[in-house]
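Data block below; observations after.
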Amino acid sequence: MAFVALALAGGLAGWLTDNVFYLRLATEALIFGGLAMAVDLLLGIAGLLSLGQALFFGFGAYLAGLLLRDAGFSFWPMLGVVAASGALAGLVAGVIAIRARGVYFALITFGLAQIAAKAVYNIQALGASDGLMGVPVVAVGMGPWDIPASDPLGFFLVVLAIVMIMYGVLSYLLNTPFGRNMQALRANPQRLSFLGFDPWRYKLAAFVIAAVLAAVAGALYPVLRGFASPELLYFQTSGNAVITVVLGGVGSLIGALYGSVILFGLKSIIGTYTEHHLIVIGLLFMIAVIFFPAGLVGALRRRK
Numbered sequence: 025m026a027f028v029a030l031a032l033a034g035g036l037a038g039w040l041t042d043n044v045f046y047l048r049l050a051t052e053a054l055i056f057g058g059l060a061m062a063v064d065l066l067l068g069i070a071g072l073l074s075l076g077q078a079l080f081f082g083f084g085a086y087l088a089g090l091l092l093r094d095a096g097f098s099f100w101p102m103l104g105v106v107a108a109s110g111a112l113a114g115l116v117a118g119v120i121a122i123r124a125r126g127v128y129f130a131l132i133t134f135g136l137a138q139i140a141a142k143a144v145y146n147i148q149a150l151g152a153s154d155g156l157m158g159v160p161v162v163a164v165g166m167g168p169w170d171i172p173a174s175d176p177l178g179f180f181l182v183v184l185a186i187v188m189i190m191y192g193v194l195s196y197l198l199n200t201p202f203g204r205n206m207q208a209l210r211a212n213p214q215r216l217s218f219l220g221f222d223p224w225r226y227k228l229a230a231f232v233i234a235a236v237l238a239a240v241a242g243a244l245y246p247v248l249r250g251f252a253s254p255e256l257l258y259f260q261t262s263g264n265a266v267i268t269v270v271l272g273g274v275g276s277l278i279g280a281l282y283g284s285v286i287l288f289g290l291k292s293i294i295g296t297y298t299e300h301h302l303i304v305i306g307l308l309f310m311i312a313v314i315f316f317p318a319g320l321v322g323a324l325r326r327r328k
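Under this note's numbering, the first residue of the sequence shown is numbered 25, with each subsequent residue one higher.
Encoded structure:
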């Protein structure tokens, strides 16, 4: 796959030049790319615009931090607990949100995330405004090898593998009858009902799967950075994920990863020249949407 080849080449370049900052930035881009894939599943596949996917990303980050810091979990058991808990949280939130449609669904997801962010911000046991600090450096067991999260290249490869597994599972799922029915939600939900399927159940399934993806991606953040902050639950996190999906190509899944790399690269490059980098990125985003409405992946597919 082209993305894996490019990612490996980039990781190797960072390792050869001993550029720790570059490798950490690339790892973070992959993590937020996982969040963007969750958004793309909802927006590009199921036709649901979620403005609150940061809720599950932040949930995964805080739960992972607590499990690693206070409960003494190792990496893989922690990831399993986060995935299961993310599914449960997604089920509860989905039952509330899925009953609404269109803009009302988007507003409900936005509201749920804002409530959670405000709660986390004021809970002293979670560090309140300072965030959850002191997440220990853990080792990721990979067969006979233990890769410490403090190893820039090693953890980059671990995150790349996890994100690509997420992509592979999603791609396989969408090629099953269940996945094709889920894709019909965006194209023609009325026809799905006519064929005897319940659109609500497929919407809920998409919402729960997206919650698991976002939570797992979020769990990787404190392992990388050593902390989790309330800002992870803010609208900016959800909004950036939507922008990432649009840049990469809505409905392509892999475009979410390309979009994340582009967005993080732009932030890093433009941020070195001006403190108003968000304005510049906003302008570039508008230009990209006007000239490449199908996103990067869509534009490349058209050229082929």
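Glycine residues also receive a C-beta, built at the ideal position from the N, C-alpha and C atoms. Quick caveat: nothing in here was measured; it's all calculated off a predicted structure.
Scanning its chain for C-beta atoms nearer than 7 Å, with the 5 sequence neighbours on each side dropped, one finds around G155 the residues F251, A252, S253, P254, in chain order. The stretch 85-99 makes no contact with the stretch 117-137; the number of CB pairs closer than 8 Å stays below 3. In the structure shown, the three-state DSSP call for D42 is coil. DSSP, reduced to helix, strand and coil, places G151 outside both helices and strands of the structure shown, so it counts as coil. In the DSSP assignment, M102 falls within the alpha helix (DSSP H) that extends over 99-121. The Cβ atoms of L59 and A141 lie no closer than 9 Å to each other.
Only buried fits L67, as 16 or more other CB atoms lie within 10 angstroms of its CB. CA-CA distance, G104 to Q77, rounds to 19 Å. Between A265 and A62, the gap from beta carbon to beta carbon is short of 9 Å. Inter-segment contact for the stretch 275-284 and the stretch 305-321 is present: three or more beta-carbon pairs are separated by less than 8 Å. When L324, V236, F231 are compared, the shortest CA-CA separation from L271 is found for L324. Three or more Cβ pairs closer than 8 Å define a contact, and the stretch 77-89 meets that threshold against the stretch 235-243.
With 16 or more other CB atoms across the displayed protein chains lying within 10 angstroms of its CB, P246 is buried. Collapsing the DSSP output to three states places A234 in a helix. A26 is not a Cβ neighbour of A239, given a cutoff of 9 Å.
By the criterion of a C-beta distance shorter than 7 Å, L115 is surrounded in its chain by V232, once the five residues flanking it on both sides are discounted. Counting only the Cα atoms, L198 lies some 16 Å from L216. Between I314 and G283, the alpha-carbon positions lie close to 16 Å from each other. Taken atom to atom, the span from the alpha-carbon of G84 to that of V193 is near 19 Å. A280: not part of any beta strand (DSSP E); member of the alpha helix (DSSP H) spanning 278-295, first to last residue.
With a 10 Å radius around the Cβ and a threshold of 16 neighbouring Cβ atoms, V161 comes out exposed.
Per DSSP, the beta bridge partners of P172 are A163. If you draw a straight line from the Cα of A243 to the Cα of M190, it comes to about 14 Å. When DSSP states are grouped into helix, strand and coil, L257 belongs to the helix group.
In this structure, DSSP gives A70 a state outside helix and strand, which the three-state scheme calls coil.
Just so you know, the alpha carbons of A70 and M206 end up roughly 6 Å apart. Using a C-beta cut-off of 8 Å, the stretch 208-215 makes no contact with the stretch 42-49, since fewer than three inter-stretch Cβ pairs fall below that distance.
H301: member of the alpha helix (DSSP H) spanning 301-315, first to last residue. With 16 or more other Cβ atoms from the protein chains shown falling within 10 Å of its own Cβ, I55 counts as buried. With 16 or more neighbouring CB atoms inside 10 Å of its own CB, F180 falls in the buried class. Counted as a single uninterrupted DSSP element, the alpha helix (DSSP H) harbouring F202 occupies residues 201-211. In the three-state DSSP reduction, L156 falls in the strand class (E or B).
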